[in-house]
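Heads up: the sequence lines are chains Y and G, in that order. Under this note's numbering, think of the first position of the first sequence as 9, with each following residue one higher. Under this note's numbering, think of the first position of the second sequence as 387, with each following residue one higher. Have a look at the structure below before the remarks.
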Amino acid sequence: ETGVTQSPTHLIKTRGQQVTLRCSSQSGHNTVSWYQQALGQGPQFIFQYYREEENGRGNFPPRFSGLQFPNYSSELNVNALELDDSALYLCASSLQRSGGRHIQYFGAGTRLSVL
Amino acid sequence: GQQVMQIPQYQHVQEGEDFTTYCNSSTTLSNIQWYKQRPGGHPVFLIQLVKSGEVKKQKRLTFQFGEAKKNSSLHITATQTTDVGTYFCAGRDPKLTGANSKLTFGKGITLSVRP
Numbered sequence: 009e010t011g012v013t014q015s016p017t018h019l020i021k022t023r024g025q026q027v028t029l030r031c032s033s034q035s036g037h038n039t040v041s042w043y044q045q046a047l048g049q050g051p052q053f054i055f056q057y058y059r060e061e062e063n064g065r066g067n068f069p070p071r072f073s074g075l076q077f078p079n080y081s082s083e084l085n086v087n088a089l090e091l092d093d094s095a096l097y098l099c100a101s102s103l104q105r106s107g108g109r110h111i112q113y114f115g116a117g118t119r120l121s122v123l
Numbered sequence: 387g388q389q390v391m392q393i394p395q396y397q398h399v400q401e402g403e404d405f406t407t408y409c410n411s412s413t414t415l416s417n418i419q420w421y422k423q424r425p426g427g428h429p430v431f432l433i434q435l436v437k438s439g440e441v442k443k444q445k446r447l448t449f450q451f452g453e454a455k456k457n458s459s460l461h462i463t464a465t466q467t468t469d470v471g472t473y474f475c476a477g478r479d480p481k482l483t484g485a486n487s488k489l490t491f492g493k494g495i496t497l498s499v500r501p
């Protein structure tokens with residue numbers, strides 16, 4: 009087990025709704041990254057939070073937003089859900105080190121279905 | 387932007403056969419990581435390669451980083467049914483260091499093993 013927990017495990021929403029996904033990072037880790045994994049695809053980087061600030065973002069629209077809290081846990085918020093947002097959302101925590109060699113440990117993910 | 391490619395996406399082998407898969411990046415990488423995802427599971431970190439030409443072994447798995455740091459390979463000796471899953475490589479752009487370094491994943495290769 010990685011010590012990274014995500015909730016909920018499964019979620020069903022309808023188009024246009026908003027959703028909040030949660031992630032508790034591994035003890036001692038200061039960085040959280042969020043990924044979207046569509047069926048049959050590799051994880052796609054959404055954004056990364058380091059010390060409560062977003063410090064990297066992939067090609068996702070502004071309706072994808074996030075937060076990191078002082079205890080390094082994190083939330084992913086998605087507004088105005090679209091059918092294509094149906095995917096497995098993965099949170100990965102890591103301990104930031106110089107040179108970008110930090111290893112990311114993934115949680116089990118939240119499977120979101122948008123109807 | 388940086389692209390990480392894994393071709394083919396599926397491979398079927400007979401138990402006991404060797405298996406090799408490759409990962410190619412459009413740009414030089416600072417390091418590369420390999421993950422394994424079992425069906426219905428989440429990516430689990432296997433190994434990180436940092437140096438040009440580096441070779442690392444984990445039991446029956448051998449990982450290699452290319453001399454130009456643009457490609458990598460995973461070789462499994464004498465496959466077993468427990469090797470079933472999707473293997474992802476993920477690379478980091480050396481121009482994005484420290485807190486801004488994100489992982490770019492390939493689409494993965496799904497390995498099935500016939501007993």
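Every residue gets a Cβ at the ideal spot worked out from N, C-alpha and C, and that includes glycine. In this text, all values refer to a predicted model and were calculated from it rather than measured experimentally.
What would DSSP say about threonine 22 of chain Y, mapped onto helix, strand or coil? Taking the first residue of the first sequence as position 1, residue 22 of chain Y is located at position 14. In this structure, threonine 22 of chain Y counts as coil in the three-state DSSP scheme.
Cβ of lysine 493 of chain G less than 8 Å from any chain Y Cβ? As a first step, residue 493 of chain G must be located in the second sequence, where it is residue number 107. Interface residue, yes.
Would you mind sorting threonine 467 of chain G into buried or exposed? The rule is 16 or more other CB atoms within 10 Å of its CB. On the second sequence, residue 467 of chain G is found 81 positions in, with the first residue counted as 1. When all chains shown are included, threonine 467 of chain G counts as exposed.
If you draw a straight line from the alpha carbon of glycine 36 of chain Y to that of leucine 103 of chain Y, how long is it in whole angstroms? Counting from one through the first sequence, the residue named residue 36 of chain Y turns up at place 28. Counting from one through the first sequence, the residue named residue 103 of chain Y turns up at place 95. Our two residues, glycine 36 of chain Y and leucine 103 of chain Y, have alpha carbons roughly 7 Å apart in a direct line.
Output, in chain order, the set of chain G residues within a Cβ distance shorter than 8 Å of alanine 116 of chain Y. Sequence index remark: in the first sequence, residue 116 of chain Y carries index 108 (1-based). Ordered by position in chain G, the residues that pass the 8 Å Cβ test against alanine 116 of chain Y are Gly427 and His428.
Chain Y contact for phenylalanine 451 of chain G (CB, 8 Å cutoff): In the second sequence, counting from the first residue as 1, residue 451 of chain G sits at position 65. By this cut-off, phenylalanine 451 of chain G is not an interface position.
Pull up the distance between the alpha-carbon of aspartate 469 of chain G and that of glutamine 400 of chain G, whole angstroms please. Position 83 of the second sequence, counted from the start, is the residue given in the question as residue 469 of chain G. Position 14 of the second sequence, counted from the start, is the residue given in the question as residue 400 of chain G. Rounded to the nearest angstrom, the two C-alpha atoms are 12 Å apart.
Please list, in chain order, all residues of the same chain as alanine 464 of chain G whose beta carbon is under 8 Å from its beta carbon, the five residues on each side excluded. Locating residue 464 of chain G in the second sequence gives position 78, counting from the first residue. Within its own chain, the residues whose Cβ lies closer than 8 Å to the Cβ of alanine 464 of chain G, once the five positions on either side in sequence are excluded, are Gly402, Glu403, Asp404 and Arg446, listed in chain order.
Pick from Y/Gln26, Y/Pro51, Y/Ser94 and Y/Gly50 that is closest to serine 73 of chain Y, judged by C-alpha positions: The residue labelled residue 73 of chain Y in the question sits at position 65 within the first sequence. When each option's Cα is compared against that of serine 73 of chain Y, the closest is Y/Gln26.
Could you tell me if glutamine 423 of chain G is buried or exposed, where buried requires 16 or more neighbouring beta carbons within 10 angstroms of its beta carbon? Locating residue 423 of chain G in the second sequence gives position 37, counting from the first residue. Label assigned to glutamine 423 of chain G: buried.
When DSSP labels each residue in this structure, what does threonine 472 of chain G get in the three-state scheme? The residue you call residue 472 of chain G lines up with position 86 of the second sequence. Correct three-state label for threonine 472 of chain G: strand.
Contacts that isoleucine 20 of chain Y makes with chain G (C-beta to C-beta distance below 9 Å): Looking up residue 20 of chain Y in the first sequence gives position 12. Under the 9 Å cutoff, chain G gives no residues; its nearest Cβ is about 18 Å from isoleucine 20 of chain Y.
For my contact list, glycine 492 of chain G and glycine 66 of chain Y are in at a C-beta cut-off of 8 Å; report their separation, rounded to the angstrom. The residue labelled residue 492 of chain G in the question sits at position 106 within the second sequence. The residue labelled residue 66 of chain Y in the question sits at position 58 within the first sequence. That pair is no contact at about 15 Å.
Bounding residues of the beta strand (DSSP E) (the contiguous stretch that carries isoleucine 433 of chain G): Sequence index remark: in the second sequence, residue 433 of chain G carries index 47 (1-based). Here the beta strand (DSSP E) through isoleucine 433 of chain G covers 430-435.
Against chain Y, with Cβ distances strictly below 8 Å, would lysine 488 of chain G count as a contact? Start at 1 with the first residue of the second sequence, and residue 488 of chain G comes out as number 102. Contacts with chain Y at 8 Å (Cβ-Cβ) include lysine 488 of chain G.
Looking at the strands, I want to know which residues DSSP matches up with phenylalanine 68 of chain Y. By one-based count along the first sequence, residue 68 of chain Y stands at place 60. Beta-bridge annotation (DSSP): phenylalanine 68 of chain Y is not paired with any residue.
Where do the ends of the beta strand (DSSP E) carrying phenylalanine 491 of chain G lie? The residue labelled residue 491 of chain G in the question sits at position 105 within the second sequence. Note, phenylalanine 491 of chain G: beta strand (DSSP E), 489-491.
Would you decide whether proline 501 of chain G is buried or exposed? Buried here means 16 or more other CB atoms lie within 10 Å of its CB. Taking the second sequence and counting its residues from 1, the one referred to as residue 501 of chain G is at position 115. Counting C-beta atoms within 10 angstroms of its own C-beta, proline 501 of chain G has fewer than 16 neighbours from the protein chains shown and is therefore classed as exposed.
In the DSSP assignment, the beta strand (DSSP E) including valine 445 of chain G goes from what residue to what residue? Start at 1 with the first residue of the second sequence, and residue 445 of chain G comes out as number 59. Note on residue identity: the sequence assigns lysine, not valine, to residue 445 of chain G. Neither: lysine 445 of chain G is in no beta strand (DSSP E) and is coded neither H nor E.
Closer than 7 Å between beta carbons: that is the criterion. Which residues of the region 466-481 of chain G meet it against chain Y? Here the close residues are Phe474 and Arg478.
Taking Cβ positions, are leucine 120 of chain Y and aspartate 92 of chain Y nearer each other than 8 Å? Position 112 of the first sequence, counted from the first residue, corresponds to residue 120 of chain Y. Position 84 of the first sequence, counted from the first residue, corresponds to residue 92 of chain Y. Judged by their CB atoms, leucine 120 of chain Y and aspartate 92 of chain Y are not nearer to each other than the 8 Å cut-off.
Counting only Cβ pairs nearer than 9 Å, list the residues of chain G close to glycine 74 of chain Y. As a first step, residue 74 of chain Y is located in the first sequence; it is residue number 66 there, counting from the start. The contacting residues do not exist; glycine 74 of chain Y stays about 14 Å from chain G at best.
Which residues in the same chain as proline 394 of chain G place their Cβ atom closer than 8 Å to its Cβ, once the five residues preceding and following it in sequence are excluded? Position 8 of the second sequence, counted from the first residue, corresponds to residue 394 of chain G. Same-chain partners within the cutoff: Ile495.
Evaluate arginine 478 of chain G with the Cβ neighbour count: other Cβ atoms within 10 Å of its Cβ, from every protein chain shown; 16 or more gives buried, anything less gives exposed. What you label residue 478 of chain G is simply residue 92 of the second sequence in a count that begins at 1. Arginine 478 of chain G counts as buried, since no fewer than 16 other beta carbons sit within 10 angstroms of its beta carbon.
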